[in-house]
Structure formats: structure tokens, C-alpha cells
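See structure below.
Protein chains: 2
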Amino acid sequence: MILEKALQDRNINYEVVAVTDMSDDEHPTVLRSMAIENHWKTYSIPYGVGGRFSVFTEVGFVTAALVGFDIEGFLAGAASMDAACQEEDIFKNPALLSALLKYIASERYGRIIEVFMPYGEALHSLSDWYVQLLSESLGKMSNTCLPYGRTPVAAVGTMDMHAQVQEHQEGRLNKVVQFIKVKDWKHNLVVPNTHSQYERLQALGNVGICDILNIALDANREALSSDNRFNMTITVPTLNSFHLGEIMFMHCWAVYFESIFAGVDAFDQPGVEVYKRLIGPKLARAKDTHNS
Amino acid sequence: MILEKALQDRNINYEVVAVTDMSDDEHPTVLRSMAIENHWKTYSIPYGVGGRFSVFTEVGFVTAALVGFDIEGFLAGAASMDAACQEEDIFKNPALLSALLKYIASERYGRIIEVFMPYGEALHSLSDWYVQLLSESLGKMSNTCLPYGRTPVAAVGTMDMHAQVQEHQEGRLNKVVQFIKVKDWKHNLVVPNTHSQYERLQALGNVGICDILNIALDANREALSSDNRFNMTITVPTLNSFHLGEIMFMHCWAVYFESIFAGVDAFDQPGVEVYKRLIGPKLARAKDTHNS
């Protein structure tokens, strides 16, 4: 491989590991065959687990371990949420309550878009993950042969208050905004009061950045609520691996519950097969053209 | 300022410039007052130009110049598109045609979401820009007192073929997917045919990365079209500053034309005032709490 050669040329030590489906011994994946051939260590993609759920498997853990992420705390959070999401009382079961409210919002009130909007850049990519979770789990044909799905929109505060909130506040009444609020961030840097001669800067002086984030979030949701714009806020005490595990596992359960209401299979993704079938022949033609 | 002190402590040369509204001499902005006080060079945010359009002003050009972006080519592309977008014949006016088709798609066919999906990571942030352009320009109350707007969704190929296309292909029939296709990229790296013993890798060997991108895009749109899923493709000959200027300016004209059809003002953003009014008092309370 090109990368391998570059590392060798520069005498940089490296180790290759493969993360791949290990379930079928008779028809091994390409990556597994290469791993056997080259004596690479392998990690497993559990059979039947879609990419959107694989953050809770070795697929996610390999990367997590490399960056020193607290996997055990993350799993403890997921396990704690797993128990809560099996409560029969809907008011003790956050995923069931969330799924039911969003399903009613969609089917009864036409709120068929969900804006997922944590506040704080550290949670930016959580929105991207949720986009895939909601799209692939629910965006499909239901058992009544009607297309279901709520379209996820990734957002992050405060940035998207400038980019998107105009439309959330005054556009069509077809959205639910899902806020994620971190009550206390680990580091609450305080804005220095260095320019108190300017009234507009003085207003921010000596206020913590995290307090400003939460003030902005509260203002955003109050503004939406004041005009019948549906929104929901999930608040975690602080941001750590435990609470991140809770938030993510709760949403996995929530799409599962909603899939039952909507009559779709949350765990397949047949829609992507349509373009996949078209790619093969096109690639073959491109190869022919290139080689002729 | 903290940053200034850090630079001085390390003997790093620096220059501060301010980009701010210079229109009101009697009530200068905070940044302008600071610039006068500190003898900073200033660049202008033209009065009344919203953030989404400001890429075509000094706001965009300051950053562009710093990274060595070809501003003149960009403006030449915008100017060329500006002429085309004033053609009376709709088939010679790409913005008018695009706006009309999307308006009809929305009002007649319920396609009230627009997925903006260029192929190629280099165009990833173009989607983020378009999200703001469409949200803020059209997501508002119309002159018939009905909320208008089409909700933009940022996407990029091929990544979001995994994350989002399931829902585009099988979810509700309420979307238009806007593809941006680059016919020939400047560098068309060819995939080396190093593992031809594996059939699935051999299929990609000796094919250019750009060809693979465009094959994936074509497969995606054909798959959508095969099931009455609305989509449109804009193709540029290559990606350079001229064509980028064309694409972006065309979409500015398009939201303007659509604003006329829909009866909204494309150039204001009254919806963001709602949360802004709520932030001030909350900040004041936070300051009181902090200081008491």
C-alpha cells in the first residue's frame, strides 16, 4: 500500500489492524483475507449491525481507544440508559416518551423534519451521527406501503442560530427542534471584562462562556415555543463519556420504538441498494474506456 | 486582548484589521470605535448586506486574500452569472429556471425540503453556505401571512450516500436533491491496481478517483429518478474560482427569484430578532447572579 511504503521509507513504526465482518468463514471479506495474508490483528464488525449502531461495537471502540476515549464510562452510560428504556411506565422511559411525542408530532401535526441542535462545538459531530441514525433507521417504506421517515437536519448552537434559526422561527410549521443542553461544562471560561467602556461588550464581561451558551439556548427555545414551534430539550448534568453514552443509546432506542409505531424495520437499509446496483456496471464501463 | 498579549510575549509580528459596518458615522460599531482607537486598518461590511451574501464583499475577500484565493476569478464568474441571470428567456437564465422549478416542486408537489449535495469533500462547506442562504432568504412569513420556506439539508457525496440516501430514496416524497457535479477535477488520481487478486478491488484498479465520484453521483441520481424522487444536477467543467463564483452567484439570484414567487423579502431576517430580544435580559440576570 502507498501509505505503508511511505511509512517504511521514513522508518516510522506502524501497526495495521483490520476492522471487518468476521462472521462468514466460507466467504471472508476482502479485508479479512488481507488480514490473514498479512498477519494483521483483526477487530469485528458484528453481523447485521448497521453503521449507525456500530459506535457501540469494536468499530467505534478501535478509534475510541486510539484517542484515549473512556470506553468503559461510555458503555456504563449506555447500559444505564438501556435499563431505563425498558421501563414500562412511559414517564420513566425517556426513549419511549421521546419516540411517541415525535411520532405524534409527525403524524398528527405534520412536523416531519427534526433539527438536532446541541449547543457547543464539542457536540457538532453528534448531530452528524444522529442524521445517519434517523435517516437510515426510519426513512423507508412502511408495512402499509407508504413511505415513512422524518428528515433530520444537523445543527449546532450557537453557530446555526445565524444560519438556520430564521427558518425554524418563521418558516413552515413542519419541524421539531431537538436541543441538547449541557448544564455545567467542565471548564467554564469567564469572559474577561477588558473593554468595559463599550456597553455591548460590558454585558458579556465576567460571564462564563458556558453560561452564555445556555442563555442562547434558552432564548432560542423560548422564542420557538412562543410561536407554536415544537421543540424538546435534553439536559445532561455535564459532558462526559457516561452522559454521551446515555444520549446516544437513548436515541437508538427511540428510533426503534418509533419504527414500531410507523411499521418500518429500524435495522435494515434497503434503499441504498438501488444506487449500489447501478454503480457496478458503470465502473466496469469506465474501466473498459480507460483500458481501451 | 488575550491573543494579542500571547503574540507579543512570543515576539510574533501581527497586524490587526477590523471588518465592520462603516455606514453610520454618528453611531459607530464597537469594532469600528476600537479600530479608530488602536489605528487598525478597516474593511467594510456594506450596509444592509446579510451574512449569507457577504461572501461577495470585503467580508469574504479579507479571508480569501489571506489564503491566496483567486478573488478576481471568483468575481469574474459571479459577473458572468449576473449577466445570465438577467436574461428574459427562462431557458437562458439558470437561476430563474431553477427557482421556478423548485417553487413548483414545493407548491404543487410538496417537495418542501432541498438536499444540497455536491460530490467531493472540497465542496463540503459549500453546502453549509447554501443552508444559510436558503434558510435566511426564504424561511419567513409571506405577504399572504402564511409561513413559507424550503428547509435546506447539507450533504456531500460520497459520504452522505451512506448517511442520508436511504431516506432520500425511500422516505417521504417531499425532497428535491440538488447535485453539484465537477466534470473534470484538476487532479484525477488513479487508483493503483495493487490488489488485483481481489475481484472487488480489481473493479476499482486503474480508475480515476474523480471518475469514481461521478459514477457514484450518476448512480445516485438515476436511482432517485427511477422512483419519482425529484433531483437536479448542475455540472461545472472543472472546479476553480470562476466556476465557484458562478455557482454561488446563481443561487443568490435563484433565492431572489423564488422570493418574488413566494411573496417574501429575500434580504431581511426578522425571525432572528425574537431570540435576540430574549438574550439581553437573560445576560443581565446572569451578570447580577455572578456579581452578587
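In order, the protein sequences belong to chains V and B.
Residue numbers for the first sequence follow full-length UniProt numbering, beginning at 1 and rising by one.
Residue numbers for the second sequence follow full-length UniProt numbering, beginning at 1 and rising by one.
Even glycine gets a Cβ: it sits at the ideal position worked out from N, Cα and C.
- The beta-carbon distance between CYS85(B) and MET232(B), rounded to whole angstroms, is 16 angstroms. This is too long to meet the 8 angstroms contact definition.
- SER196(V) and GLY205(V) have their C-alpha atoms spaced approximately 7 angstroms apart.
- With fewer than 16 other beta carbons inside 10 angstroms of its own, GLU121(B) counts as exposed.
- Interface flag for ARG108(V) against chain B is unset, since no Cβ pair is found closer than 8 angstroms.
- As the crow flies, the alpha-carbon of ASN214(V) is around 16 angstroms from that of VAL274(B).
- Under the three-pair Cβ rule at 8 angstroms, the segment 103 to 110 of chain B does not count as touching the segment 233 to 249 of chain B.
- GLY208(V) has VAL190(V) as its beta-bridge partners, per DSSP.
- The shortest C-alpha to C-alpha distance from GLU199(V) to any of ASN11(B), GLY263(B), MET34(B) is the one to MET34(B).
- Beta-bridge pairing by DSSP links MET141(B) to PRO147(B).
- Using a Cβ-Cβ cut-off of 7 angstroms, ASN220(B) is close to TYR275 of chain V, given in chain order.
- Take TYR119(V), set aside five residues on each side of it, and the residues of its chain with a beta-carbon closer than 8 angstroms to its own are VAL156, GLY157, THR158, PHE179, ILE180, LYS181, VAL182, LEU213, ASN214, ALA216, LEU217, in chain order.
- GLU136(B) belongs to the set of residues whose beta carbon lies under 8 angstroms from a beta carbon in chain V.
- Interface flag for TYR198(V) against chain B is set, since a Cβ pair is found closer than 8 angstroms.
- Secondary structure of THR57(B) (DSSP, three-state): coil.
- DSSP, reduced to helix, strand and coil, places THR238(V) outside both helices and strands of the structure shown, so it counts as coil.
- Under DSSP, LYS41(V) takes part in a beta bridge, and its partners are VAL17(V).
- Within the segment 17 to 50 of chain B, the residues whose Cβ lies closer than 8 angstroms to some Cβ of chain V are VAL30, SER33, MET34, listed in chain order.
- A direct Cα-Cα distance of roughly 36 angstroms separates ILE247(V) from ASP25(V).
- Residue state for GLN269(V) is assigned as coil, using DSSP reduced to three classes.
- The Cβ atoms of GLY245(B) and PHE53(B) lie no closer than 8 angstroms to each other.
- With respect to the C-alpha of ASP70(B), the residue from VAL176(B), SER259(B), HIS243(B), GLN169(B) having the closest C-alpha is HIS243(B).
- Secondary structure of GLN164(V) (DSSP, three-state): coil.
- Per the coordinates, the alpha-carbon of HIS124(V) lies some 16 angstroms from the alpha-carbon of CYS210(V).
- For GLU121(V), there is no enclosing beta strand (DSSP E), since its DSSP letter is neither H nor E.
- For ARG150(B), the closest of THR144(B), VAL131(B), GLN164(B) by C-alpha to C-alpha distance is VAL131(B).
- Taking all protein chains in view, the Cβ of GLN169(B) is crowded by 16 or more other Cβ atoms within 10 Å, so the residue is classified as buried.
- With respect to SER142(B), VAL264(B) sits close: the two C-beta atoms are nearer than 8 angstroms.
- Going by C-alpha positions, GLU87(B) is about 27 angstroms away from VAL115(B).
- Residue state for VAL274(B) is assigned as helix, using DSSP reduced to three classes.
- In the displayed model, ALA76(V) falls within a helix according to three-state DSSP.
- GLU114(B) sits in a strand when the DSSP states are folded into three classes.
- Taking all protein chains in view, the Cβ of LEU66(B) is surrounded by fewer than 16 other Cβ atoms within 10 Å, so the residue is classified as exposed.
- CA-CA distance, VAL176(V) to GLU167(V), rounds to 12 angstroms.
- Per DSSP, GLN86(V) lies in no beta strand (DSSP E) segment and is marked neither H nor E.
- Taking the Cα of SER137(V) as reference, the smallest distance to any Cα among VAL207(V), GLU258(V), LYS102(V), LEU100(V) is reached at GLU258(V).
- Annotated as distal: SER127(V) and GLN164(B), with beta-carbon spacing of 8 angstroms or more.
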